[in-house]
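**Student:** Pasting in a structure now, in structure tokens, and then I'll have a few things to ask.
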Amino acid sequence: ADEEDEPTVLATDPEAADIAQADEEDEPATFAAPRDSYSADSINELLEQAALSDDDGMASDEAPEGMILDDDALLSAPADGPKNEPGRLLQALAEQTARLAPDSELVDIVKALTPVSYRAGVLLLAYDRSSMTQHYVRVLQDATSLKTLNRAFQTVQAHGRIEITAQLPREDEDAKAGLRRCTLEEREALAQQPFVKDFNQIFGSDVIDARIREST
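For the sequence shown, this note's numbering gives the first residue as 491, with consecutive numbering after it.
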């Protein structure tokens, strides 16, 4: 009889009852998650989601202003190559600008620009602050002018666009050394020289600027 009474005494003990109740409440909280929530398939799914996430813990570089890096059309645009050499694209831009706006000052302005690069569908051009007049700079920066240039360029590269930057003036060291900047035609001829052509093919580079000695 004593053995049968003992559980009754312990069960009516408030402290023991609280402990027992706490244990019963803790167990469902600890093991409430379904067994299949941590299955191999769900773990693999979580790993795949993590791999696809853009957040890799590294600071991301900011995209240049006006450049749409998530545009599939631009990202799939061809990179620099023989047909997409910046100088050649600039020449094509000049021809198409003359066709679309034959009476515009842009025709002469485009000829004065320097090709810098062609990446992800964006042709970067530069103008020389030391030689381009303020009037031409204002015309070049006008929204209507930029639309015209982009329309002209998109007849050459369907998803391409133009970006223009200011080129800082250089010290007149070239003149002191008897040198001058190559024209577009001279740069193209230089790029076809065997050594230069092989070098560009190996390193994926382009002739975007060059100096030659002035003839006397």
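Built from N, CA and C at the ideal position, the CB exists for glycine as well.
Just so you know, these numbers come straight off a predicted model, no measurement behind them.
Which same chain residues end up closer than 8 Å to V686 when comparing Cβ atoms and leaving out the 5 residues on each side of it in sequence?
**Tutor:** Here the question's residue 686 lines up with position 196 in the sequence shown. L680, V697, listed in sequence order.
**Student:** How long is the line joining the alpha carbons of L614 and L603, rounded to whole angstroms?
**Tutor:** Looking up residue 614 in the sequence shown gives position 124. Looking up residue 603 in the sequence shown gives position 113. Going from the Cα of L614 to the Cα of L603 covers about 10 Å.
**Student:** Apart from the five residues on each side of it in sequence, which residues of its chain come closer than 8 Å, Cβ to Cβ, to R641?
**Tutor:** As a working note, residue 641 is residue 151 in the sequence shown. Correct list, in chain order: L590.
**Student:** Taking the runs of the alpha helix (DSSP H) that are 4 residues or longer, which of them lie wholly in the region 615–668?
**Tutor:** As far as the region 615–668 is concerned, its whole alpha helix (DSSP H) runs of at least 4 residues are 624–631, 633–644, 663–666.
**Student:** Let me check understanding here. Comparing Cα to Cα, which of A610, R628, V600 lies closest to A616?
**Tutor:** Here residue 616 is taken as the residue at index 126 of the sequence shown, counted from 1. When only C-alpha atoms are compared, the closest one is V600.
**Student:** Contact check, I654 vs F643 under 8 Å by CB: the rounded distance?
**Tutor:** Here residue 654 refers to the residue found at position 164 when the sequence shown is read from its first residue. Here residue 643 refers to the residue found at position 153 when the sequence shown is read from its first residue. Not really, about 12 Å apart at Cβ, beyond 8 Å.
**Student:** Please classify Q586 as buried or exposed, where buried requires at least 16 other C-beta atoms within 10 Å of its C-beta.
**Tutor:** Counting from 1 along the sequence shown, the entry for residue 586 is found at position 96. By the neighbour-count rule (16 or more Cβ atoms within 10 Å), Q586 is buried.
**Student:** What residue range does the alpha helix (DSSP H) around I599 cover?
**Tutor:** The residue you call residue 599 lines up with position 109 of the sequence shown. I599 -> alpha helix (DSSP H) spans 596–601.
**Student:** Among S607, T634, A656, H649, which residue has its Cα nearest to the Cα of M622?
**Tutor:** Walking along the sequence shown from the start, residue 622 turns up at place 132. The option with the nearest alpha carbon to M622 is A656.
**Student:** L639 and L583 look like a contact to me (Cβ under 8 Å); what is the Cβ gap, rounded to whole Å?
**Tutor:** Counting from one through the sequence shown, the residue named residue 639 turns up at place 149. Counting from one through the sequence shown, the residue named residue 583 turns up at place 93. With a Cβ gap of about 7 Å, L639 and L583 count as contacting.
**Student:** Taking the alpha-carbon positions, what's the L596 to I702 distance?
**Tutor:** Translated into positions along the sequence shown, residue 596 becomes position 106. Translated into positions along the sequence shown, residue 702 becomes position 212. Each residue's alpha carbon lies about 27 Å from the other.
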